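Chains as they are written, first to last, in the working numbering: chain H, 128 to 481; chain L, 128 to 481.
There are 2 protein chains.
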Amino acid sequence: METISFARGVPAPECLPVEELADCARVAIERDGAAALLYGHTLGYAPLREWIADRHGVDSSRVVVTNGSLQAFHFVLATLGEGRRIVVERPTYDRPRKFLSEFDQVPVDDEGLGVAELERLLTGEAPTFLYTIPTFQNPSGLTLSAERRGRLADLATGDRLLVFEDDPYGLVRFDGEPLPTVFELADGRNVVYSSSFSKTIAPGLRVGYVVVPEGLAPELEELVASTYITPALVSQAIVLEFLHRGLFDANLERVRDLLRARRDAMLDALESELDGRASWSHPAGGYFLWLELSGTVATELLGRATAAGVTFVPGVDFGGGPGSARLAFSFASPAEIEEGVGRLAALVGTPAAV
Amino acid sequence: METISFARGVPAPECLPVEELADCARVAIERDGAAALLYGHTLGYAPLREWIADRHGVDSSRVVVTNGSLQAFHFVLATLGEGRRIVVERPTYDRPRKFLSEFDQVPVDDEGLGVAELERLLTGEAPTFLYTIPTFQNPSGLTLSAERRGRLADLATGDRLLVFEDDPYGLVRFDGEPLPTVFELADGRNVVYSSSFSKTIAPGLRVGYVVVPEGLAPELEELVASTYITPALVSQAIVLEFLHRGLFDANLERVRDLLRARRDAMLDALESELDGRASWSHPAGGYFLWLELSGTVATELLGRATAAGVTFVPGVDFGGGPGSARLAFSFASPAEIEEGVGRLAALVGTPAAV
Chain H
128 METISFARGV
138 PAPECLPVEE
148 LADCARVAIE
158 RDGAAALLYG
168 HTLGYAPLRE
178 WIADRHGVDS
188 SRVVVTNGSL
198 QAFHFVLATL
208 GEGRRIVVER
218 PTYDRPRKFL
228 SEFDQVPVDD
238 EGLGVAELER
248 LLTGEAPTFL
258 YTIPTFQNPS
268 GLTLSAERRG
278 RLADLATGDR
288 LLVFEDDPYG
298 LVRFDGEPLP
308 TVFELADGRN
318 VVYSSSFSKT
328 IAPGLRVGYV
338 VVPEGLAPEL
348 EELVASTYIT
358 PALVSQAIVL
368 EFLHRGLFDA
378 NLERVRDLLR
388 ARRDAMLDAL
398 ESELDGRASW
408 SHPAGGYFLW
418 LELSGTVATE
428 LLGRATAAGV
438 TFVPGVDFGG
448 GPGSARLAFS
458 FASPAEIEEG
468 VGRLAALVGT
478 PAAV
Chain L
128 METISFARGV
138 PAPECLPVEE
148 LADCARVAIE
158 RDGAAALLYG
168 HTLGYAPLRE
178 WIADRHGVDS
188 SRVVVTNGSL
198 QAFHFVLATL
208 GEGRRIVVER
218 PTYDRPRKFL
228 SEFDQVPVDD
238 EGLGVAELER
248 LLTGEAPTFL
258 YTIPTFQNPS
268 GLTLSAERRG
278 RLADLATGDR
288 LLVFEDDPYG
298 LVRFDGEPLP
308 TVFELADGRN
318 VVYSSSFSKT
328 IAPGLRVGYV
338 VVPEGLAPEL
348 EELVASTYIT
358 PALVSQAIVL
368 EFLHRGLFDA
378 NLERVRDLLR
388 ARRDAMLDAL
398 ESELDGRASW
408 SHPAGGYFLW
418 LELSGTVATE
428 LLGRATAAGV
438 TFVPGVDFGG
448 GPGSARLAFS
458 FASPAEIEEG
468 VGRLAALVGT
478 PAAV
């Protein structure tokens, strides 16, 4: 029996524009070999920085392109975030929870981060750094409401805190209209905006970026140069060629369609299999939904689920409660999702073998 | 007047196998898109780790492939090097001098690192981490002698220190027979061997690696995953295709021939232009030679040289004396090198304009 993975937060191989990228790579290297194959600008391949800058309506000097956006988070944390108290969402992406040595947490509800509770935390004088994923959050799939986005932007523009807005999933929207980013609402003041091409083109390229507040990119530059001299420029040249050919939007539409079908398959299967025994989020985009099981310990369930051929990540890894779980719908096909939810449902409420 | 750069320690564009890499990129992505374009193993693309492991006669579990070898140095420093006193060569590569907060220095002479002086430093109980570039050192171009390699390997195998052997230039040899690496002499005990494909294929790919002592790769793995999840796999797949096609050796021969001619041009020009007014190293490989000017302050000379259309890096950036300078012969053509040394020689001994 093939294991069905709701654990892997990665795109399915069929989401990848393999043929297009193969040709983009050939052409990008042939045409601009010296730029793509030598050391280049520490902050990234200049024409790609320009493209990103245009997209966000900023000067390209504010764009820092890195080997994946997680690396950018480290650079920002070690420079602009230095000496600040760290606040993260609960639940939140598991990697920062592992490498941050100390942090406060503010719970997320159906409207996203509890901004009122965050504001109460800000009464002291300690400069604060907020790490937030406002749109289709990893792990919950939840999205910060328009009203709370405005309040969070106000806190930033009022110099109450520095916001790191991690937005890898924002473009992977299945339904409804896009909300403005916190970065847009604050006009970039005290907001670092982070995104990547991992979910919209391919993660193995490792091309992520941040847009930093005006004048602050030089604070990162020395650290970046000391870390890896120059990011992997070949990858950035491939991405740029993909963009210049106008392939980005059509590919994104294809990815959205593929993932929407998977999200729908998971919601349908949960509805028919687990109604009344669990509750779950209804994400309008991204890779994940959040399951809350009553009376079941997810870490214990995982052992039995793995034996039954389905995996997921227990919510405790993200700071969630014992009955919570993150289900990724990005990797398995709709048919596998139906089968996998069935396998899971057969175990929920079943007492553990002794 | 075009500026001639003896400052840039990078290969000339004509050293790059552009056409070959363009085709390797196309084929690597087409054939193995899912592996190259998704997240992969934190420690690198498995078949490339195998190739490197075979080359060094170790198990592939000991190979960590990173986005350039400088990043690997950071990973090793933060894990295996933690809590150790740091010793570097004087002079040494400028970047570690910038980001290491504290270090001791051991001078390099014509036979390379002064191992006897290093040994005297090891009388205390402090665990020590040595950063060394034994072959065609950046910045001096000097090479550690066979005898001293043996003594350094003995210190490592005697558990007297942990050696980080940085060897990006070792294969770029113009004359003579290769010497065994410290890693080989110590059979890998207490030696981390570091190299990359930057000088043998192309730096913009950012593919570097370390081979760590047995059993220690897992100590790096969590840090690597927390830093960037997975390195840029597309670059690694391109390198692997280049290797599998058997292009590596022929390309290296071409690079050696190109650079040997540049080294020769620089030595000839120095001999005819600066004989008696300066001394310099005679590197048998690599990118750099080391100039010692008597009675001239290199930082002051640089200003006038730049105005005269030739640049270099003053030796003080590497921990050298005021009269020292690093001249890179990798980037300029032989004709430019002759012209550039002429421009420089015209300024040496000339009093500064007031």
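All residues carry an ideal CB built from backbone N, CA and C; glycine is no exception.
In this text the structure is predicted, and so the values were computed from the model without any measurement.
With 16 as the cutoff for other CB atoms within 10 Å, does L/Pro478 come out buried or exposed? Residue confidence is low: L/Pro478 scores 46 on pLDDT, short of 50, so the model does not pin down where it sits. Its coordinate-derived value is still stated next. Flag for L/Pro478 reads exposed.
For H/Gly448, the three-state DSSP class (helix, strand or coil): Coil.
Output, in chain order, the set of chain L residues within a Cβ distance shorter than 8 Å of H/Asp150. Those are Arg153, listed as they occur along chain L.
Which residues in chain L sit within 9 Å of H/His201, going by Cβ to Cβ distance? Ser353, Thr354, Tyr355, listed in chain order.
Since H/Ile365 contacts H/Leu332 with CB under 8 Å, what's their CB separation in whole angstroms? The C-beta distance from H/Ile365 to H/Leu332 rounds to 6 Å, short enough to meet the 8 Å contact threshold.
6 Å Cβ shell around L/Asp293 - same chain, five flanking residues per side excluded: Hits under 6 Å: Ile260, Ser321.
How do the stretch 310 to 321 of chain L and the stretch 138 to 154 of chain L stand: do at least 3 beta-carbon pairs fall below 8 Å, yes or no? Judged by Cβ distances under 8 Å, the stretch 310 to 321 of chain L makes no contact with the stretch 138 to 154 of chain L, as fewer than three pairs qualify.
Proximity of L/Val233 and L/Arg222 at Cβ, strictly below 8 Å: The beta carbons of L/Val233 and L/Arg222 sit no closer together than 8 Å.
Opening and closing residue of the beta strand (DSSP E) in which L/Tyr258 lies: Residue range 255 to 259 is occupied by the beta strand (DSSP E) that includes L/Tyr258.
Could you tell me which chain H residues have their CB closer than 7 Å to the CB of L/Tyr166, listed as they occur along the chain? Residues of chain H with a Cβ closer than 7 Å to the Cβ of L/Tyr166 are, in chain order, Val137, Pro330, Gly331.
How would you label H/Met128, buried or exposed, when you count the other beta carbons within 10 angstroms and need 16 or more for buried? It is exposed - the Cβ of H/Met128 has fewer than 16 other Cβ atoms within 10 Å.
By Cβ distance below 6 Å, which residues in the same chain neighbour L/Phe439 in space, the five residues on each side in sequence not counted? Phe133, Ala134, Ala452, Leu454.
So what does DSSP say about L/Thr327, is it helix, strand or coil? If DSSP states are grouped into helix, strand and coil, L/Thr327 belongs with coil.
Residue burial classification, H/Ala283 (beta-carbon count within 10 angstroms, cutoff 16): Per the 10 Å Cβ criterion, buried.
Once the 5 residues before and after H/Ala329 are set aside, which same chain residues still bring their CB inside 6 Å of it? Shown here for H/Ala329: same chain residues with a beta carbon closer than 6 Å to its own, the five before and five after excluded, namely Leu143 in chain order.
Thinking H/Gly412 and H/Phe301 are a contact (beta carbons under 8 Å), I'd like their distance in whole angstroms, please. With a Cβ gap of about 5 Å, H/Gly412 and H/Phe301 count as contacting.
State whether the stretch 334 to 343 of chain H contacts the stretch 185 to 194 of chain H, with contact taken as three or more CB pairs (one from each stretch) at a distance under 8 Å. Yes, since at least three Cβ pairs between the stretch 334 to 343 of chain H and the stretch 185 to 194 of chain H fall closer than 8 Å, the two stretches touch.
Can you check DSSP and say which residues form a bridge with H/Asp231? Note: H/Asp231 sits in a beta bridge opposite H/Val214.
Would H/Ile179 pass as a contact of H/Val361 if the rule is Cβ separation under 8 Å? No. Outside cutoff.
Could you check if L/Glu368 is buried or exposed, using at least 16 other CB atoms within 10 Å of its CB as the buried criterion? So L/Glu368 ends up on the buried side.
Could you check which residue in H/Leu245, H/Gly184, H/Thr206, H/Thr426 has the C-alpha nearest to that of H/Thr308? The residue with the shortest Cα to Cα distance from H/Thr308 is H/Gly184.
Check each candidate in L/Gly430, L/Ser421, L/Val443, L/Phe445 and name the one with the smallest Cα separation from L/Gly476. The residue from L/Gly430, L/Ser421, L/Val443, L/Phe445 with its alpha-carbon nearest to that of L/Gly476 is L/Ser421.
I'd like to check one pair, L/Arg276 with L/Leu312: are the Cβ atoms closer than 8 Å? L/Arg276 sits close to L/Leu312, with the two beta carbons spaced by under 8 Å.
Would you list, in sequence order, the uninterrupted alpha helix (DSSP H) runs of no fewer than 4 residues that lie entirely inside the stretch 279 to 354 of chain L? Runs of the alpha helix (DSSP H) inside the stretch 279 to 354 of chain L: 309 to 312.
Can you say whether L/Ser325 is buried or exposed, counting buried as having 16 or more other CB atoms within 10 angstroms of its CB? Under this definition L/Ser325 is a buried residue.
Quick one: what's got a C-beta closer than 8 Å to L/Asp402's C-beta in the same chain, skipping five residues either side? In its chain, beyond the 5 residues on either side, no residue has a beta carbon closer than 8 Å to the beta carbon of L/Asp402.
Check this for me: beta carbons of H/Thr327 and H/Val382, under 8 Å apart or not? In terms of Cβ geometry, H/Thr327 and H/Val382 form a close pair [threshold 8 Å].
Given a cut-off of 8 Å on the beta-carbon distance, is the pair H/Phe310 and H/Tyr258 in contact? Pairing H/Phe310 with H/Tyr258 gives a Cβ-Cβ distance that is not under 8 Å.
For the alpha helix (DSSP H) that L/Thr426 lies in, which residues bound it at each end? Run containing L/Thr426: 425 to 434, per the alpha helix (DSSP H) assignment.
If you draw a straight line from the alpha carbon of H/Arg470 to that of H/Thr130, how long is it in whole angstroms? Each residue's Cα considered, the two are about 10 Å apart.
Along chain H, in chain order, which residues have C-beta atoms closer than 8 Å to that of L/Glu157? Taking the beta carbon of L/Glu157 as reference, the chain H residues within 8 Å of it are Val145, Glu146, Ala149, listed in sequence order.
Is it true that the CB of H/Leu170 sits closer than 8 Å to the CB of H/Val351? A contact, by the Cβ cut-off of 8 Å.
Would you tell me roughly how many angstroms separate the C-alpha atoms of L/Ser228 and L/Glu252, rounded to the nearest one? If you draw a straight line from the Cα of L/Ser228 to the Cα of L/Glu252, it is about 21 Å long.
Contact list for L/Asn194 against chain H, beta-carbon separation under 8 Å: Annotation: Cβ neighbours of L/Asn194 in chain H (cutoff 8 Å, chain order): Asn194, Arg333, Tyr355, Pro358, Ala359.
Is H/Ala163 buried or exposed, if buried means 16 or more other CB atoms sit within 10 Å of its CB? In the assembly as shown, H/Ala163 is a buried residue. Its beta-carbon has 16 or more other beta-carbons within 10 Å.
Which first and last residues belong to the alpha helix (DSSP H) in which H/Ser406 is found? Looking at the DSSP string, H/Ser406 is not in any alpha helix (DSSP H); the run it does join, the beta strand (DSSP E), is 405 to 407.
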